[in-house]
Amino acid sequence: MTVNTLSLLLSNGADAQGTLSQKDLDARHSALAVSVWDVSPLRARDGPCVRLGQTARRLETSVELTATFHCPPGPLWQTFGMLSVLPPEYQVVLSPPRGGQGAARTVDARQPQVVLSEEGDVPQRVPGLAGWVRLGMKHIFEGADHLAFLAALLLVGGTLKQVIGLVTSFTVAHSLTLVATTLGVIPLDATRARWAEAAIAISIIYVAAENLLVRPPRYRPFLTFLFGLVHGLGFASVLAGHGLGKPGGEELLGFNFGVELGQALVVLPVLPFMRLIQRRPSVHRKIVVLLSGAVLFMGINWLIKRVG
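For what it's worth, my numbering labels the leading residue of the sequence shown as 4, then goes sequentially.
The structure is reproduced here in structure tokens:
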């Protein structure tokens with residue numbers, strides 16, 4: 004960052020002389036934290052990152068600012084709030100990591116938020132159709148929230164036709180919003196992605212609570228479709244985190260197929276067990292209450308983290 008730009012930030016946008024020395028930077032450690040890092044928060048899907056430390060080093064014509072963060076796993080979002088106090092023509096330039104691939108990107112005051120990769124650098128590209136299939140499966144296997152929703156959905160059981168109907172409804176719905184969002188029909192910036200993740204937690208809470216309070220659950224096919232639309236936004240944010248800007252058919256097909264394959268590998272082994280315990284209503288009800296309570300607790304925990 005240029006010395007003049009940092010001086011503007013430290014003076015909250017007022018005119019300032021760019022004469023900062025290393026001694027000045029050391030003395031204004033707290034002011035740098037407030038003016039640069041506090042207004043440029045970094046967060047993951049499950050909550051904000053924690054800043055562990057920061058440094059400022061005076062170079063010949065600029066100042067090198069660095070910070071270390073501890074973040075929950077998953078794609079990262081950063082909001083460069085510092086741009087709001089700088090002149091409107093100012094931009095933040097995000098360069099690829101040393102030795103990395105990809106073009107530099109810019110962020111300005113009109114859109115100060117940007118999606119970063121899991122490592123906090125520029126988004127990574129996934130090689131080939133098989134790579135996108137693996138990514139879709141990986142997201143399902145590691146996506147505890149999506150698995151919790153499916154578990155709560157299937158716990159109450161039903162006929163094979165009813166279960167297939169629920170899974171199909173969920174599949175069609177999240178495929179629709181995944182495609183629409185990735186193609187740009189539905190805009191999904193960091194703020195919308197954050198609220199989509201909160202809505203996913205709400206869907207888990209609702210289904211688990213309905214399992215506990217309503218016998219039998221009502222309007223489940225319709226609600227499953229509605230909540231599936233929300234989960235599709237979550238899938239789309241994963242693609243955004245891997246640099247899928249203008250996708251081709253291979254990327255969308257591969258990722259969505261991976262999601263469905265992972266979903267099938269989770270659901271199919273569970274169905275015989277659910278059919279078996281349905282034959283003993285008292286045991287079935289106890290399992291529904293126990294597991295739905297656990298899912299409800301997880302959903303509330305996710306919601307608190309995602310709106311915090």
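We put the beta carbon where it would ideally sit given N, CA and C, even for glycine.
Among the bridge pairs identified by DSSP, residue 45 is matched with 81. For residue 74, the closest of 86, 85 and 48 by C-alpha to C-alpha distance is 48. Under the DSSP assignment, residue 119 falls in the beta strand (DSSP E) whose first and last residues are 116-119. By the neighbour-count definition (other C-beta atoms within 10 Å, threshold 16), residue 142 is a buried residue. Under the three-state reduction of DSSP output, residue 38 falls in the helix class. Taking all protein chains in view, the Cβ of residue 213 is crowded by 16 or more other Cβ atoms within 10 Å, so the residue is classified as buried. Put simply, of 118, 260 and 89 the residue whose alpha carbon is nearest the alpha carbon of residue 97 is 118. In terms of CA proximity to residue 162, 280 leads the group 310, 11 and 280. The beta-carbon separation of residue 6 and residue 65, rounded to 6 Å, stays under the 8 Å limit for a contact. Distance check between residue 192 and each of 230, 209, 208 and 237 places 237 closest, using alpha-carbon atoms only. Residue environment analysis places residue 259 among the buried positions, since at least 16 neighbouring C-beta atoms fall within 10 angstroms of its C-beta. Residue 8 and residue 88 have their C-alpha atoms roughly 10 Å apart.
Rounded to whole angstroms, residue 31 and residue 93 show a C-alpha spacing of 23 Å. The residue from 256, 228 and 46 with its alpha-carbon nearest to that of residue 134 is 256. Around the C-beta of residue 184, 16 or more other C-beta atoms lie within 10 Å, and the residue is accordingly described as buried. If you look at residue 176, you'll find it in the alpha helix (DSSP H) that goes 163-185.
Using a Cβ distance threshold of 8 Å, residue 152 and residue 287 do not count as a contacting pair.
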